[in-house]
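Counted the way the working numbering counts, the sequence shown spans residues 309 to 401. C-beta: ideal position from N, C-alpha, C; glycine also. In this text the structure is predicted, and so the values were computed from the model without any measurement. Read through the structure below, which is laid out as structure tokens, and then see the notes.
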Amino acid sequence: MAKKENKTNAMRILEQKKLAHRCIYYDCKEFTDAVQIAAMLGQSIEQTFKTLMCIGKSGGYYAFVIPGAAALDLKKAAACIGEKSVSLLPVKE
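As structure tokens, this is what we get:
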């Protein structure tokens with residue numbers, strides 16, 4: 309029996325909308341950033357995106373997808389979604 313592929317919601321949406329994509333898997337033993345991952349995979353940083361999870365002042369959760377080399381401006385992100393403020397979710401170790 310074939311091993312079931314773990315899929316993210318983003319992957320399911322891409323498949324549902326029949327949008328061409330490919331998934332690249334890699335081992336990550338320690339925290340790294342999108343620039344390092346793109347270099348490791350031999351991929352252009354301009355074609356690399358990252359998803360950052362935030363929590364708003366109201367307690368709501370938000371996902372922001374931004375270019376791999378960019379930094380998320382938390383004030384602009386909060387304004388975009390109508391929150392007073394947002395903060396990045398902490399990385400669990």
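Item checked: Nearest residue (CA-CA) to Ile389, options Ala318, Cys362, Leu349, Ala377 -> Selected option, being the one with the closest Cα: Cys362.
Notebook entry, point to check: Whole alpha helix (DSSP H) runs in the segment 350-399 with 4 or more residues, listed along the chain?
Noted result: The qualifying runs are 382-389.
Next item on the list: Check whether the segment 349-357 touches the segment 376-395, counting contact only when three or more Cβ pairs, one atom from each stretch, lie closer than 8 Å.
Entry: yes
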